[in-house]
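So the sequences go chain by chain: A and B.
Just so you know, UniProt numbering puts 88 at position 88 of the first sequence, and the rest follows in order with no gaps.
Just so you know, UniProt numbering puts 10 at position 10 of the second sequence, and the rest follows in order with no gaps.
Idealized CB from N, CA, C, for every residue including glycine.
Fair warning: this is a prediction, and the values are worked out from it, not measured in the lab.
This report concerns only the one structure given below.
There are 2 protein chains.
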Amino acid sequence: MTPDRLSGILAALADPTRRAILARLAEGETSVTELAEPFDMSMPAVSKHLKVLERAGLIARGRAAQWRPCRLEAGPLREVSDWLDHYRRFWDESLDRLEDYLQALQKGDPDATPN
Amino acid sequence: MTPDRLSGILAALADPTRRAILARLAEGETSVTELAEPFDMSMPAVSKHLKVLERAGLIARGRAAQWRPCRLEAGPLREVSDWLDHYRRFWDESLDRLEDYLQALQKGDPDATPN
DNA sequence: GCAATACTAAACTATTTGGTTATTTAACCT
DNA sequence: AGGTTAAATAACCAAATAGTTTAGTATTGC
Chain A
1 MTPDRLSGIL
11 AALADPTRRA
21 ILARLAEGET
31 SVTELAEPFD
41 MSMPAVSKHL
51 KVLERAGLIA
61 RGRAAQWRPC
71 RLEAGPLREV
81 SDWLDHYRRF
91 WDESLDRLED
101 YLQALQKGDP
111 DATPN
Chain B
1 MTPDRLSGIL
11 AALADPTRRA
21 ILARLAEGET
31 SVTELAEPFD
41 MSMPAVSKHL
51 KVLERAGLIA
61 RGRAAQWRPC
71 RLEAGPLREV
81 SDWLDHYRRF
91 WDESLDRLED
101 YLQALQKGDP
111 DATPN
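Here is the structure:
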C-alpha cells in the first residue's frame, strides 16, 4: 500500500463493496457474516475488505463471543473532507464568482460587480 | 478499472503523485513537462497519471502548438464531497449530540436536553 | 525538408489487488 | 469431549497498477 495515510484511506474507499460496507455500518455495528450477506462473494473476500478498511482506520472491530462486531470510524473521512476543502472553490460556482469579484476589486477595477 | 464512476474518481485520487498534480493545477493550467518536473519519474509515467486523472474527469487537456496544457476539472471532487456528506454526522460531534437530542424529542422524552 | 520539442504509445516487468478454496482458530453449547 | 458457528489465515490465481525503456507522432521554426 502507499505509504501515506490519505492515499490508504482513498484507496480503501475506491471500491464499491467497501463503500457498501461502510453504508451498512452507518446504520449500526454488526457482525462479519451479516456484512457479507448482501454480497455475491465469499466470506474470506469480505474479511479482506474489512482488513483494508481497518488498516485505513475506517472501521474498528470488537469481540463478543465468537462474533467480531465491526463499527464505523469516521475520523479518516474527515481527513478526506479536509483535503477536499482545498478544492471547494473550484466547484462552487457562486464562490468562484465571488473570488473573481474580489480579485477585480483588488486590482482596483471600478466596474467590478458582485454578480 | 472499477466500472462505477465514484470508484474511478477515488482510485485516481488515491495516489500522492496524482494529488500533487491536482494541487499544481489548482494554481493554473500548465504543460505536461512542467507538471512532470517536480517528480522523480519519467515523462511517460506522468503521462499515465494524467490519463488516469483524465478518465476520472479530474482534468481536461487542450492543445496549443506542441503543448497539451492540462487544467483542473473539479466536478468529480464535488461528487466525492456529496458522497462524504452521508457520513458527516459521524465525525461532527456536536451535530451527533444534536441528533441525539432531536431523536429524544421525537420520542417525547421530557428530560431531553440539548447538551 | 528537417531537426528539435513535447508528448503519447508500445512492450515489458514487478508489485498489488481482489477473488477463490481449503484449513485453522476461537468460542459456544450440549 | 465433541460438534457447531463465526471468522481469520494460507496458498493460490488472474487482472490491474505503476513504473521502466524504446519508439512513434505532431507541431514549430529555420
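Limits of the unbroken beta strand (DSSP E) element including residue i
i: L58 (chain B); result: That residue, L58 (chain B), is in no beta strand (DSSP E); it is neither H nor E in DSSP.
i: R5 (chain A); result: Here R5 (chain A) belongs to no beta strand (DSSP E); instead the alpha helix (DSSP H) covers R5 to L13.
i: R71 (chain B); result: C70 to L72
Unbroken alpha helix (DSSP H) run spanning residue i, endpoints
i: R78 (chain A); result: G75 to D85
i: R88 (chain B); result: R88 to W91
i: R18 (chain B); result: P16 to L25
i: A64 (chain B); result: Note, A64 (chain B): premise wrong, no alpha helix (DSSP H); not H, not E.
i: T33 (chain A); result: V32 to A36
Euclidean distance between Cα positions of residue i and residue j
i: G28 (chain B); j: E73 (chain B); result: 11 Å
i: M41 (chain A); j: D15 (chain B); result: 27 Å
i: P114 (chain A); j: R89 (chain A); result: Reliability fails at P114 (chain A), whose pLDDT of 48 lies under 50, so the model's placement of it is uncertain and the value that follows must be treated cautiously. So the alpha carbons of these two residues sit roughly 16 Å apart.
i: R78 (chain B); j: R63 (chain B); result: 26 Å
i: A60 (chain B); j: L84 (chain A); result: 19 Å
i: S7 (chain B); j: A11 (chain A); result: 9 Å
i: D4 (chain B); j: M43 (chain A); result: 23 Å
i: K48 (chain B); j: T30 (chain B); result: 16 Å
i: L13 (chain B); j: Y87 (chain A); result: 13 Å
i: D82 (chain A); j: C70 (chain A); result: 25 Å
i: E34 (chain B); j: A26 (chain A); result: 43 Å
i: F39 (chain A); j: L22 (chain A); result: 13 Å
Chain-ordered neighbours of residue i on chain A, where CB pairs are closer than 8 Å
i: R78 (chain B); result: W91
i: L50 (chain B); result: Near L50 (chain B) there are no residues of chain A at all, since even the closest Cβ is about 17 Å away, more than 8 Å.
i: D4 (chain B); result: P16
Presumed contact (8 Å Cβ cut-off) between residue i and residue j, rounded CB distance
i: V52 (chain B); j: R18 (chain B); result: 6 Å
Amino acids of chain B, ordered along the chain, whose beta-carbon sits closer than 8 Å to that of residue i
i: G75 (chain A); result: W91
i: L84 (chain A); result: L77, V80, S81 and L84
Contacts of residue i in chain A (Cβ-Cβ under 7 Å)
i: L13 (chain B); result: L10
i: S42 (chain B); result: Near S42 (chain B) there are no residues of chain A at all, since even the closest Cβ is about 19 Å away, more than 7 Å.
Proximal residues of chain B, C-beta to C-beta of residue i below 9 Å
i: L72 (chain A); result: Y87 and F90
Closer than 7 Å: residue i CB and nearest the ligand GDP heavy atom
i: L25 (chain B); result: Of ligands this structure carries none, so the ligand GDP is not represented either.
Name the residues in the stretch 15-29 of chain A whose C-beta lies less than 9 Å from a C-beta of chain B; which are they?
D15, P16, R19, L22, A23 and A26
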